[in-house]
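Just so we're aligned: 288 in this note's numbering is position 125 of the sequence shown, and the numbers increase by one with no gaps anywhere. Notes follow once the structure below has been shown.
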Amino acid sequence: MDGAGWRGVYDILGGHGFNVSIVQNPTISLAGDVSATKLIVDSQPGPVILVGHSYGGVVITEAGTHPNVAGLVYITAFAPDKGESVNALIANPPPGAPVPPILPPRDGYLFLDRAKFPAAFAGDVDPKTAAFMADSQVPWGIDALGGAVTAPAWKSKPSWYLQVRDDKMIPYPAQQFMAKRAGATVVEVPGSHAIYVSNPNAVASLIEQAASGVK
Numbered sequence: 164m165d166g167a168g169w170r171g172v173y174d175i176l177g178g179h180g181f182n183v184s185i186v187q188n189p190t191i192s193l194a195g196d197v198s199a200t201k202l203i204v205d206s207q208p209g210p211v212i213l214v215g216h217s218y219g220g221v222v223i224t225e226a227g228t229h230p231n232v233a234g235l236v237y238i239t240a241f242a243p244d245k246g247e248s249v250n251a252l253i254a255n256p257p258p259g260a261p262v263p264p265i266l267p268p269r270d271g272y273l274f275l276d277r278a279k280f281p282a283a284f285a286g287d288v289d290p291k292t293a294a295f296m297a298d299s300q301v302p303w304g305i306d307a308l309g310g311a312v313t314a315p316a317w318k319s320k321p322s323w324y325l326q327v328r329d330d331k332m333i334p335y336p337a338q339q340f341m342a343k344r345a346g347a348t349v350v351e352v353p354g355s356h357a358i359y360v361s362n363p364n365a366v367a368s369l370i371e372q373a374a375s376g377v378k
């Protein structure tokens, strides 16, 4: 989703004295998103904590090897190992796991079913906001979905993971598996995939914990 959804987290962190930048991923390819992220990292005055939600976790896993990156924060996000992509991680969902309402590709891009979006992505978000999110989806390029990580930053940088119990996009057991594999410090909260919108305090708190942990 568009970076505007991070306004609540941005305001909290800014109010606590943090310098915060939001990367607007083009979401055409993983390589393009990594390049966009590194542009923002290069512009920062000091060490950086990279934060990624959902597919954004793949981006920070690849971009996080940048020397200015001090730590990684995954917000119910994919945390791939070398050679893994979102495609690989979602290929064999566990029995009974919720299936994201991804529509067939159109001209090389993917969207979530607008009618099913609120329940699947934003179940604890105000209905009007959830409807707006459904109608303002950023097209997700198939190449981004298939982009494989070459050198996982979590193998060399400390990481934190916000596990979200009621997420219907990334199953809770998958979150647990990826967080444990990465050796991440874990915090768990109830909520939907859109936890950064519905509970910005929990997200900001973990980011602040990460910032303190790398000082």
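Don't be surprised by glycine CBs; every beta carbon is placed ideally from N, CA and C.
Extent of the continuous alpha helix (DSSP H) run through residue i
i, result
"TYR335", "335-345"
"SER319", "No alpha helix (DSSP H) contains SER319, which DSSP labels as neither H nor E."
"ILE203", "193-205"
"THR292", "290-298"
"VAL360", "358-361"
"VAL172", "170-178"
"ASP165", "Run containing ASP165: none; DSSP gives neither H nor E here."
Length of the line joining the Cα atoms of residue i and residue j
i, j, result
"PRO263", "LYS279", "9 Å"
"ASP298", "PHE284", "13 Å"
"SER248", "SER375", "30 Å"
"ALA294", "HIS179", "31 Å"
"GLY309", "ASP330", "22 Å"
"PRO281", "PRO290", "7 Å"
"ILE203", "LEU325", "23 Å"
"ALA373", "GLU225", "19 Å"
"TYR237", "TRP323", "6 Å"
"VAL232", "ARG328", "28 Å"
"GLY246", "THR228", "15 Å"
"LEU235", "VAL221", "11 Å"
"GLY209", "ILE223", "17 Å"
Range covered by the beta strand (DSSP E) that runs through residue i
i, result
"GLY215", "211-217"
"VAL262", "Where VAL262 is concerned, there is no enclosing beta strand (DSSP E), given that its DSSP letter is neither H nor E."
"THR348", "348-352"
Supposed contact pair residue j and residue i - C-beta distance, whole angstroms, cut 8 Å
i, j, result
"ALA307", "TYR218", "7 Å"
"GLY166", "GLN187", "5 Å"
Between the stretch 361-369 and the stretch 269-277, do at least 3 Cβ pairs fall closer than 8 Å? no
Quick one: complete alpha helix (DSSP H) runs, 4+ long, within the stretch 225-256? 249-253
Counting pairs of Cβ atoms below 8 Å between the stretch 191-202 and the stretch 167-175, do you hit three or more? The answer is no - the stretch 167-175 does not touch the stretch 191-202, with fewer than three Cβ pairs under 8 Å.
Please confirm if the stretch 250-259 is in contact with the stretch 333-340, defined as three or more CB-CB distances below 8 Å between the two stretches. yes
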